[in-house]
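As they're listed, the protein sequences go chains Z and R. Those letters in the first sequence? Residues 1 to 476, by the working numbering. Those letters in the second sequence? Residues 1 to 476, by the working numbering. We put the beta carbon where it would ideally sit given N, CA and C, even for glycine. It should be emphasised that the depicted structure is a prediction, and the values quoted were computed from it without experimental measurement.
2 protein chains.
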Amino acid sequence: MSEDKDRGITIKKEDDMPEWYEQVVLKGELADFSPVSGFMIIRPNGYSIWQKIQDEFNLTLKKYKVQNAYFPLLIPESFFKREAEHAEGFAPELAWVNRKSEDAEKLAIRPTSETIMYDAYSKWVRSWRDLPLRLNQWCNVLRWEVSDVKLFLRSREFLWQEGHCVYESEEECEKETLEILDEYQNLAKNILAIPSITGTKTEKEKFPGAKTTYTFESLMPDGKALQMGTSHNLGQGFAKSFEISYLDKNEKKAIPWQNSWGFSTRMLGAMVMMHADDKGLIIPPNAAENKVVIVPIVFKGKSDEPDKVAKKLESTLKEFNPILDDREEVTPGWKFNEWEMKGVPLRIEIGPRDVEKDQCVIVRRDTGKKEFVPLKDITKEINKTLETMQNDMFKKADKEMKDNIVEVSNFSEFEDAIKDKKMAKTLHCGETACETQIQEKTTATSRCIPFKETADGKCVHCSKPAKVVIYFSRNY
Amino acid sequence: MSEDKDRGITIKKEDDMPEWYEQVVLKGELADFSPVSGFMIIRPNGYSIWQKIQDEFNLTLKKYKVQNAYFPLLIPESFFKREAEHAEGFAPELAWVNRKSEDAEKLAIRPTSETIMYDAYSKWVRSWRDLPLRLNQWCNVLRWEVSDVKLFLRSREFLWQEGHCVYESEEECEKETLEILDEYQNLAKNILAIPSITGTKTEKEKFPGAKTTYTFESLMPDGKALQMGTSHNLGQGFAKSFEISYLDKNEKKAIPWQNSWGFSTRMLGAMVMMHADDKGLIIPPNAAENKVVIVPIVFKGKSDEPDKVAKKLESTLKEFNPILDDREEVTPGWKFNEWEMKGVPLRIEIGPRDVEKDQCVIVRRDTGKKEFVPLKDITKEINKTLETMQNDMFKKADKEMKDNIVEVSNFSEFEDAIKDKKMAKTLHCGETACETQIQEKTTATSRCIPFKETADGKCVHCSKPAKVVIYFSRNY
């Protein structure tokens, strides 16, 4: 589409990560800018990854007996006001719809759907027999927070899933809130090969209206954390505000417990930053729509046997949804570059000599490693290589993430770590004022309080007795 | 959830179809009203049917090499103005977003996405190698036309798919525009057991900005047509307005041809009206998430063998996603009523005597027909019965639809047909003024001009020489 010299990624990941990132996403055709400021277009290469994530997570939803549903895009102003913290938290981000005087009240495009869903829940939940009520929706949401869009990472509109469940008991609610967090972490690993840490958000960082917010976060190569998704134990706050109650087994009126949890298309941004390289995208095998590209290597005027074998391979390898690139107007080298830029996990090359030997060459996108494979073993070998590649990508990313987390025990070390583009693991007093000061001094924010770790010592900043182990870093 | 006496459908289909329809949808828990005027909630029972439709149609998209993508929710005012007819057609239905002075221009929530997609297409399409370009999106759209929502049939927001393709040749464009229409008709038949007629819309009824609009319509039992979906040949109009052009194989600049096509959650409304009865929903087997409900019939103090067999059956019949209703607090009769109201295709009853005989009873929701089936044959028998039921439902609906279409040759017969809640098939001069007069006199609108029929005679209304065979009826 553009001139040849502009086709490749022209900036190195380590030289200018934001510019490199934008090029990789645009040239890999995952997404594009929209003429509407703050919005983005998700192109087929990106959307197919989102569909893989959806398919996989729909199975998880089934396991937890969560059903999909769909609630209205527009939410009345009065709904936001019912839960004070929630209202305050989202107020700056709302986009209002303007339909003259015909409407009784102002309507906002949903930034999240707690309020409109719980209004319905208050009607649907009557008896203990109606619980647990577990619904999810896949939808678009709008948060008017930014104007400088970062593709996938920050845009006014994004796609996500939001699960909203109601339980009889506090225990059941808390248990599933945490189980979903685990499922999220596994999903990121199994599909996108992304490692993450999990934990609890501080009071300052929790979701407006939640009792407790749990999060899973990954650490990007530039030392900035990316919040991948959150699972909120809402306690009974929303139930009280929205008058959700039920008759329990003893015919007594009771207030239920609720959670909500979501992840979004942001995850695709993490995938890019984590895995892509100076040649472009690297799509983890389990996220790739086309797992293989087949490139026959034919010399002008010579035998077209490689073309024939490639065509046959295309049908043999159907389960991998292969791309057969038999274009005549571009060279094999040009094709290699293109498919590397687009991140197809495996490339199969077939030249005249390979045809003679009944073999082909498999090249891994992540390592560039070449392997000669007898054609008769091809399916088995591709399966094996894809599995190995998925595991290797995760292991590599996991190691990089862990290498970028440093334990610090005083504020000078803390500041050095942040300056050095690391995530700091440290001790904290747990007070919001102190947390705010740390942010003002270093631009780092608290990411999460890991589970099951004991805080033994003093706060890294104010030296008061520590209450929590905590991660701090800059963030997206 | 409500009192027992209100649980069933309290109004007969033939007595008051609109009221009956609303009860069936609400009590079948397909959908619910939203506190926001003109909007609706799609509940899990309804959404699961939409998901079946999505899954099936995604296979069709693959067949046609159409890829899924996602474009922004908000569209700048200037985009609408580029195609004059399109702008005029949608102007009354737009909802504008109000974000003070920070935005350069007004933004509307998408009523359809031609404009925002084709703006991107003008950037992406450069060469004949980029064609055909075939994209689809599954999304929500907003049309502010109504305030009295009719669940699924008429609401300000609805879910749909919109396909938008770009071709080098007029022939290819026209061919696929019509092929998609066929696919739509098959989808409605194969999943929802809904019969339909297909044809061309008149100038008056075509999509704003289209060259030709093709439609598939079904006729509801109350004699009103329901437009199920449309496929538009857009010609080169949008391509010119949005400056989409490409270099052809001879390196000459050329204007491409485009189509767009969509169907929506309205289809679910057709399914209800067409098939449901005075007991409630009847979900066609291929649309049902749970194809079977198992009800053990246990008498107090007697053997619990039926319960055990029912449990075993639940796992044997896993592929049908069965519901096992082993609640103790309600009677079998109460359960029968509930699952009939919710439209589960087959009910399996197991009583003590069935256990003795190693059999169970299968009851079809559509006919109420009971069949004793040996337990060892159950899977085979259910498969067979579901298939028969799907076919029977289609045949019954198809016969009803055809019985409600009458051929008329003069205006008095025409008026009688419309008064008699029929669809009239007749001859027409093809002029918009005449068509408008018919509508003013009878409230009937032209539905479509069937393919391949010759108009031989005079216009039913103005008696000028007829140009087309045409269907007229009232409509949703």
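- request: Go through its chain and collect everything with a Cβ distance to Z:Asp416's Cβ below 6 Å, but skip five positions before and after it.
  value: none
Contact the stretch 62-78 of chain Z vs the stretch 23-42 of chain Z: 3+ CB pairs below 8 Å: no
- prompt: Distance, Cα to Cα, Z:Glu3 vs Z:Phe336?
  reply: In this predicted model, Z:Glu3 has a pLDDT of only 44, less than 50, meaning its place in the structure is not dependable; the value taken from the coordinates is given anyway. Taking the straight line joining both Cα atoms gives about 17 Å.
query: Would the stretch 317-331 of chain Z and the stretch 351-359 of chain Z be scored as touching if the rule is three or more Cβ pairs under 8 Å?
result: no
message: Assess contact between the stretch 173-186 of chain R and the stretch 403-421 of chain R, defined as three or more Cβ pairs (one per stretch) separated by less than 8 Å. Is contact present?
response: no
message: Assuming R:Pro465 and R:Cys429 are in contact, meaning their beta carbons sit under 8 Å apart, how far apart are those beta carbons, in whole angstroms?
response: 7 Å
Run of the alpha helix (DSSP H) containing Z:Lys81, from where it starts to where it stops: Glu77 to Lys81
task: Determine the chain R residues that contact Z:Ala120 at a beta-carbon separation under 7 Å, and present them in chain order.
output: Asp32 and Ile41
field: Z:Asp277 and Z:Lys27 closer than 9 Å at C-beta
entry: no
Sequence-distant residues of the same chain with beta carbon closer than 8 Å to R:Leu133, five excluded per side: Tyr121, Trp124, Val125, Cys165 and Val166
- request: Assuming R:Met271 and R:Leu192 form a contact by the criterion Cβ under 8 Å, report the distance between their Cβ atoms to the nearest whole angstrom.
  value: 5 Å
message: Considering only DSSP beta bridges, list what Z:Trp138 is partnered with.
response: Z:Gln161
- prompt: Tell me the DSSP bridge mates of Z:Val166?
  reply: Z:Leu133 and Z:Gln258
query: Name the DSSP beta bridge partners of Z:Leu346, please?
result: Z:Val292 and Z:Arg364
message: So, under 8 Å CB-CB, R:Glu162 and R:Gln185 are touching, yes? Tell me the CB distance rounded to an integer number of Å.
response: R:Glu162 to R:Gln185, Cβ: 18 Å. No contact.
Any chain R beta carbon closer than 9 Å to Z:Leu107: yes
message: Between the stretch 103-119 of chain R and the stretch 139-148 of chain R, can you find at least three pairs of beta-carbon atoms closer than 8 Å?
response: yes
task: Return helix, strand or coil for R:Tyr64, following the three-state DSSP convention.
output: coil
Buried/exposed call for R:Asp119, threshold 16 Cβ in 10 Å: buried
query: In chain order, what residues of the same chain have a beta carbon less than 7 Å from the beta carbon of R:Asn404, not counting five sequence neighbours either side?
result: Leu219, Gly223, Lys422 and Met423
message: DSSP has Z:Asp477 in a bridge; who is on the other side?
response: The structure shown does not extend to residue 477 of chain Z, since chain Z is modelled only from 1 through 476, so no value can be given for it.
message: In whole angstroms, give me the CA-to-CA distance for Z:Cys173 and Z:Leu234.
response: 9 Å
field: R:Lys121: first and last residue of the uninterrupted alpha helix (DSSP H) it sits in
entry: It is Tyr, not Lys, that sits at residue 121 of chain R in the sequence shown. Glu114 to Trp124 is the extent of the alpha helix (DSSP H) around R:Tyr121.
Reference R:Thr200; option with closest CA among R:His232, R:Glu314, R:Ile194 and R:Ala188: R:His232
message: Here's the rule: buried if 16 or more other CB atoms are within 10 angstroms of the residue's CB, otherwise exposed. What is Z:Gly301?
response: exposed
message: Suppose you measure from the CA of R:Met274 to the CA of R:Gly343; what does that come to, to the nearest Å?
response: 13 Å
- request: Give a yes or no on whether 9 Å exceeds the smallest Cβ distance from Z:Leu386 to chain R.
  value: no
- prompt: Between Z:Met267, Z:Glu251 and Z:Glu203, which lies nearest to Z:Gly229 when the distance is taken from Cα to Cα?
  reply: Z:Met267
query: Whose C-alpha, out of R:Arg7, R:Asp307, R:Leu346 and R:Glu217, is nearest the C-alpha of R:Asn286?
result: R:Leu346
task: Might you give, ordered along the chain, the residues of its own chain that have their beta carbon closer than 6 Å to the beta carbon of R:Ala444, omitting 5 neighbours on each side?
output: Ile418, Phe472, Ser473 and Arg474
- request: Step through the CB atoms of chain R and report whether any lies within less than 9 Å of the CB of Z:Pro44.
  value: yes
- prompt: Considering Z:Ala84, what are the terminal residues of the alpha helix (DSSP H) in which it resides?
  reply: Ala84 to Phe90
- prompt: Should R:Pro306 and R:Pro374 be called a contact, given that it needs their Cβ atoms to be closer than 9 Å?
  reply: no
message: Once DSSP output is grouped into helix, strand and coil, what is the label at Z:Cys434?
response: helix
- prompt: Within 10 angstroms of its Cβ, does Z:Arg129 collect 16 or more other Cβ (buried), or is it exposed?
  reply: exposed
field: Buried versus exposed, by CB contacts within 10 Å (16 or more), Z:Trp334
entry: exposed
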